[in-house]
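Below is one structure, written out as C-alpha cells; comments come after it.
In the UniProt record's numbering, the protein residues as written are 1 to 120.
Right under this line is the structure:
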C-alpha cells in the first residue's frame, strides 16, 4: 500500500513494511514523515564531513573527518598540541591542515620517525 503523509507541501511516497513503514522524501525534506526541512541541503559541513539532519529538531549535525573539529568541521586540530608528541625519537611535530608531519632526527625515518635507520 502506498500512502501520502498529511500536511506536507511536497508529499513523500510512503511504503508499508512488516510492522512498519518507510517514506521516500522529496529533495529538501527529511524525517520519519518528511516533515522536516533538510538542514543539509545547503551543505553547511566542511572539509568533506558528513551531514545529517537531526530527526527531532531538524538541525544539521556534522560528523568531522580526522583532523577537524567544530560545528561545521571548519577548525583544524593541532595534533602537535594535544599532549604527548606523536613523533617518536624526539622528532619535531609540524601541524598541517587536517593532519601533522614529523621532522625526524638524524638516523630515524618513517611517518612518525619510528624506524631506526642507523647502521652499526
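Quick reminder that beta carbons are idealized off the backbone N, C-alpha and C, glycines included.
For clarity, every value in this text was computed on a predicted model and none was experimentally measured.
Under 8 Å between C-beta atoms of residue i and residue j
i	j	result
residue 40	residue 51	yes
residue 73	residue 47	yes
residue 117	residue 111	no
residue 105	residue 113	yes
residue 55	residue 29	no
residue 23	residue 36	no
residue 87	residue 62	no
Residue i, DSSP secondary structure in three states
i	result
residue 102	strand
residue 80	helix
residue 8	For residue 8, the predicted structure reports a pLDDT of 45, less than 50, and the residue's modelled location is therefore unreliable. The matter cannot be settled from this model.
For residue i: DSSP bridge partner residues
i	result
residue 109	115
residue 92	103
Nearest-angstrom Cα separation, counted from residue j out to residue i
i	j	result
residue 79	residue 43	26 Å
residue 85	residue 107	18 Å
residue 89	residue 83	16 Å
residue 70	residue 49	11 Å
residue 119	residue 94	27 Å
residue 57	residue 99	33 Å
residue 76	residue 103	20 Å
Unbroken beta strand (DSSP E) runs of length 3 or more, entirely within the UniProt domain "EGF-like" (36-74): which are they?
50-53, 60-63
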